[in-house]
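If you use mature numbering (1 follows the signal peptide of the UniProt record, and there is no 0), the sequence shown corresponds to residues -18 to -1, 1 to 625, in order.
Structure first, commentary second.
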Amino acid sequence: MRAHSFLPLLALGRAVQGAALDGIRGVSPRDVLTSNALQASGHIDDLRGKVESRDLCLPCAVTDPRPTYMRGLQAALLAGDTAFIWSLKKLCEVLTVWLHFDDDVCDGWVGLEAPSVAAAARAKGDFSRGAQTFCSNFWSTCGYPAVEPWNITFPSPKPAGGRPEPSRKMPPLKVVHYSDIHVDPLYTPGAKTNCTKPYTNDDAPGSNTSPAGPNGEHMCDTPLSLEASMYEAINAVASDAAFALFTGDIVDDTTWETTQAYNTASSQSVKHAYGVMKQKLKRVYATAGTHEAHPVNLFQPSDIGNDTQWLYGLLAQEWSPWLDPAAEAQVNNFGAYSTKYPFGNLRVISINTNFYYRLNFWRYKDFDNKDVENQLEWLIKELDGAERAGENVYIIGHSPNGEPDTFWDPSHYLDQIFNRYSATIAAMFFGHTQLDQFEISYLDYAARNASNAFLTSYIAPSLAPTTGMPSFRVYSVDPETFGVLDVTTYVADMTNPAYQQTGPVWEKYYSAKEAYGPAVDPPLTDPLAELTPAFWHNLTEAFDQDQKLFDEYVARKSRGWNVTSCDGDCKKAELCQLRAGRSEDNCYDPLTDKTPYKHVDQYDVSFSVTAHTLRALANSEGGLDKLKEVVEEAKKNVTAAAK
């Protein structure tokens, strides 16, 4: 049986209140607080005055009635902690029935996220950019607010010239890249896979129509057997790799049940995963994924609280064998680091992209903070030092800079930095989407062409089989410039009968240079030539002209699983995404596309039950009336429980 912890009903009664917000620091939403936590901190009185005086205007267009959902959330806050959490939980139960979730999913997930959602709902002024972005991301009632201009000052001007040509003096190096492993230590062969919870195989093994095989299913997270087989395959095809890149997401998707202890424990989650990596791989440069945090996605800036500090300390400890002491201290500070590869002229910089993630509800509270934790200032300092030292740089992170999941403002600011140091940065590596993709950064996004392309982001497919066949990549890399010469993806084909019978069989799926090199203009087939940003742009041009070639790319995104056609508007959107090194240029329109990310199946990659509840509220008929009805019911229940 896939064991589910017996959580308290976080959204019910006096004994299960949300964490105090703002001035009350370091308290987990799972801890029991008094029902007067928000009132005692003064936030309710402050909010009541603003609502009654109508200082809080409506976000988005005032002609659109739906933005009043923000005021509805604020009204729910006026009813107190318990009523606010109960209201969100009840809305989750009522409005997400199409997802067929059990009540404990709503109880747990909403209870964990409610404190940060409350902080977001109290964003000062409904016309604030944070409130408008919240409205755009979760209610799709308006577009994103324009990026707040910020012309970053750099220590020195950008030098003339660009990236060096490959040296061709020595054999290429191998670099492994894997991501989004989502290991489920409680995966149970024989249990049901068509579940009433996302990404689990729940219920006891026995008589059911969809029993889970021993090595994983598409509707489930990664069993330990699949995790082990990936490392065996890596050592079989790239035992001589210089190092590996891991771009985050370890914890499984039962995130409504996680605790700090669960995410940390040596037999589960973070300690387990890095313990295996230390045993199986020589050197791993890693980054923090959204799922490593508890609650999931919520990386709390230190000017709000220290709820994420435990994770930074844990990662610093787990990454220490591969880092120098200065880099280890940086991780402990804000989850990022810069370190020198000891056997070549390369610096690896791991950035904490989770500060820029749309489901990190804490960020809506301090949305106008241009440089959270001063990470951008730190990044400039590290890149400038690398430039002066003549080093090449790899930048790694979890969420790509051009995806709809990334806030526009920090994406824009990061792109300025990448542009300035484009002669130093050899490539960037990300995960999160769980698909086999790439993105291109341009000097001028109004003229996206080969001559303007300056940087490539390599986005790795996942080990977790929820978006396709389990996968990892091996890069062929110039040993002097560290430019990427080729990308080879390896997969375990789950349709192979041996997959469940004797174990996953890992095979080469495709080489980017072999598959695409002859198709671009000019062709690129030289094994020692770099896959430059211009090459990747030329490939998008070839996709535009050759539907068969584009169809092959689409199939490879999911590694050949559940492939669907993509033409017309779908193709335009995909090509735009490939040419989007910053998120404001990816052509995603929140007014028309309600789901910026979808798995190949029904679920979002960027999944949050609370986000789905908010979206369902705006999309349901009579949503405002339903919200009012639920809040009134919550008040009555709270009053009755207090007697």
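Where a beta carbon is used, it is the ideal one built from N, C-alpha and C, also for glycine.
| Item | Value |
| --- | --- |
| Taking DSSP as the reference, what is the three-state secondary structure of residue 421? | strand |
| Give the DSSP bridge partners of residue 502, in chain order. | According to DSSP, which records beta bridges pairwise, residue 502 is partnered with nothing at all. |
| By the three-class DSSP mapping on this structure, what secondary structure does residue 63 have? | helix |
| Start and end of the beta strand (DSSP E) containing residue 329? | 328 to 332 |
| What is the rounded straight-line gap between the Cα of residue 126 and the Cα of residue 387? | 12 Å |
| By the 10 Å Cβ neighbour count, where 16 or more other Cβ atoms means buried, how is residue 371 classified, buried or exposed? | exposed |
| Under 6 Å Cβ to Cβ from residue 461, same chain only, skipping five residues before and after it: list those, please. | 152 and 155 |
| Quick one: what's residue 440 bridged to in DSSP? | 411 and 420 |
| Using only CA atoms, which one of 337, 275, 146 and 256 lies nearest to residue 266? | 256 |
| Would you mind stating whether residue 379 and residue 333 have Cβ atoms separated by less than 8 Å? | yes |
| Where does residue 520 land, buried or exposed, given buried means 16+ other C-beta within 10 angstroms? | buried |
| For residue 247, I'd like the list of residues in its chain whose CB is within less than 7 Å of its CB, leaving aside the five on either flank, ordered along the chain. | 253 |
| For the stretch 296 to 303 against the stretch 342 to 354, do three or more pairs of beta-carbon atoms, one drawn from each stretch, fall closer than 8 Å, so that the two count as touching? | no |
| When DSSP labels each residue in this structure, what does residue 70 get in the three-state scheme? | helix |
| Pairing CB atoms from the stretch 214 to 232 with CB atoms from the stretch 506 to 518, are three or more of them under 8 Å? | no |
| Please confirm whether residue 62 and residue 620 have their CB atoms less than 8 Å apart. | yes |
| If you count every other CB in all the chains shown that lies within 10 Å of the CB of residue 564, and 16 or more means buried, which is it? | buried |
| Spatial neighbours of residue 433 within its chain, please: C-beta separation below 8 Å, excluding the five flanking residues on both sides. | 516 |
| Taking 8 Å as the threshold (beta carbon to beta carbon), is residue 460 in contact with chain C? | Of the chains in the structure shown, none is chain C; there is only one protein chain. |
| Indicate whether residue 561 and residue 453 have their beta-carbon atoms separated by less than 8 Å. | no |
| What residue from 617, 592 and 606 has the CA that sits closest to residue 238's CA? | 592 |
| Assess, as a yes-or-no matter, whether the stretch 133 to 140 is touched by the stretch 410 to 427 under the definition of 3 or more beta carbon pairs within less than 8 Å. | no |
| Inspect the CB distances between the stretch 589 to 608 and the stretch 403 to 423 and report whether three or more fall short of 8 Å. | no |
| Report the CB separation of residue 447 from residue 198 in whole angstroms; it is logged as a contact under 8 Å. | 5 Å |
| My output table needs one value for residue 454: the three-state DSSP class, helix, strand or coil. | strand |
| Assign residue 203 to one of three DSSP states: helix, strand, or coil. | coil |
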